[in-house]
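As C-alpha cells, the structure follows; a few thoughts come after it.
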Amino acid sequence: MTLHVNILINTCFYLPVQKLITVEEGSDVILPCSLWPKKDLRLTQFIWHKDCQMVFEYDNGHLFSDERPGQSEKFKGRVSHFPDELEQGNASIIIRNTTRADSGEYRCSFPSLQKPQEFHFKLDVVGKYFDVTVKDVLSFKDWSLVSTLLSSCCI
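If you want this note's numbering, it's the 1-based position in the sequence shown plus 10.
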C-alpha cells in the first residue's frame, strides 16, 4: 500500500507536466512560467530553450537576448519578458508574430536556485488555412484563394 501511495504522489506532484498551448500563425503568444511560492526573480537566472536553441535568458538583471550573443537568430527581435513582474516571480515570455517553425517543446528553467526547477510547454502554431479538414470540396467557395496558393507553392 505504501509503495502505491508513493508512486501516486511522485507521479502527481514531482514529474514535470507538459502544458499544450495552441496559437494561430502570425499572432503573439505568452508562454507562462513562474515559481511557487512566489520568489523575487530580479537577482536570479531563468532561461528559455526550444530544443537546443536559446530563446531568452535573464541573469541577475542582464538580458541575453537581442543585445548579447547566444540567442537563436530566429527569435531575435521577437521575444520579450515582463520586467515589471519579476518581483512577483513572473518569468513568462511573449513571442511575437509566431510562425509554424516556432512549434515545438519549450523549457523554462531556473538553474541557479538551491533546488533547480524546470517547466515544460508544447507550442502548436496552426496555420490560417488548411489546418481544418475540408469535408466537402465542392462546397468550398473561394477557389481563387486555392489557385493562388497552389500556384505560389508549386511553381
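The beta carbon of each residue, even a glycine, is placed where N, CA and C say it ideally should be.
**Asked** On the three-state DSSP scale, how would you describe residue 72?
**Response** For the purposes of this step, residue 72 is taken as the residue at position 62 of the sequence shown. Three-state result, residue 72: strand.
**Request:** Report the option in 131, 59, 60, 67 whose CA atom is closest to the CA atom of residue 92.
**Result:** Here residue 92 is taken as the residue at index 82 of the sequence shown, counted from 1. Nearest of 131, 59, 60, 67 to residue 92, Cα basis: 67.
**Request:** Put residue 98 into one of helix, strand or coil per three-state DSSP.
**Result:** Within the sequence shown, numbered from 1, the residue matching residue 98 stands at position 88. Here residue 98 sits in helix by DSSP.
**Request:** Compute the Euclidean distance between the alpha carbons of residue 79 and residue 47, then round it to the nearest angstrom.
**Result:** Residue mapping note: residue 79 aligns to position 69 of the sequence shown, counting from 1. Residue mapping note: residue 47 aligns to position 37 of the sequence shown, counting from 1. Cα to Cα, the separation comes out at about 32 angstroms.
**Prompt:** With C-beta atoms as the reference, is residue 56 less than 8 angstroms away from residue 120?
**Reply:** Position 46 of the sequence shown, counted from the first residue, corresponds to residue 56. Position 110 of the sequence shown, counted from the first residue, corresponds to residue 120. Yes, Cβ-Cβ distance for residue 56 and residue 120 is below 8 angstroms.
**Asked** Under a three-way DSSP split, which group does residue 67 fall into?
**Response** Working through the sequence shown from its first residue, we reach residue 67 at position 57. Here residue 67 sits in strand by DSSP.
**Asked** Going by the beta-carbon positions, is the gap between residue 101 and residue 62 smaller than 8 angstroms?
**Response** One-based indexing of the sequence shown puts residue 101 at position 91. One-based indexing of the sequence shown puts residue 62 at position 52. No.
**Request:** Have a look at residue 51 and residue 115 and give me their C-alpha separation to the nearest angstrom.
**Result:** Indexing the sequence shown from 1 puts residue 51 at position 41. Indexing the sequence shown from 1 puts residue 115 at position 105. Taking the straight line from one Cα to the other gives about 23 angstroms.
**Request:** Would you list the residues sitting across from residue 108 in a DSSP beta bridge?
**Result:** What you label residue 108 is simply residue 98 of the sequence shown in a count that begins at 1. Per DSSP, none; premise fails for residue 108.
**Request:** Please classify residue 81: is it buried, with 16 or more other beta-carbons within 10 angstroms of its beta-carbon, or exposed?
**Result:** Here residue 81 is taken as the residue at index 71 of the sequence shown, counted from 1. Buried, since its Cβ has 16 or more Cβ neighbours within 10 Å.
**Request:** Have a look at residue 136 and residue 97 and give me their C-alpha separation to the nearest angstrom.
**Result:** For the purposes of this step, residue 136 is taken as the residue at position 126 of the sequence shown. For the purposes of this step, residue 97 is taken as the residue at position 87 of the sequence shown. Their Cα atoms are separated by approximately 34 angstroms.
**Prompt:** Does the beta-carbon of residue 30 have 16 or more other beta-carbons within 10 angstroms, so that it is buried, or is it exposed?
**Reply:** The sequence position of residue 30 within the sequence shown is 20, counting from 1. Its Cβ having fewer than 16 others within 10 Å, residue 30 is exposed.
**Request:** Could you tell me how far apart the beta carbons of residue 122 and residue 54 are, in whole angstroms, since I believe they sit closer than 8 angstroms?
**Result:** Walking along the sequence shown from the start, residue 122 turns up at place 112. Walking along the sequence shown from the start, residue 54 turns up at place 44. At roughly 6 angstroms, the Cβ-Cβ gap stays under 8 angstroms, so residue 122 and residue 54 are in contact.
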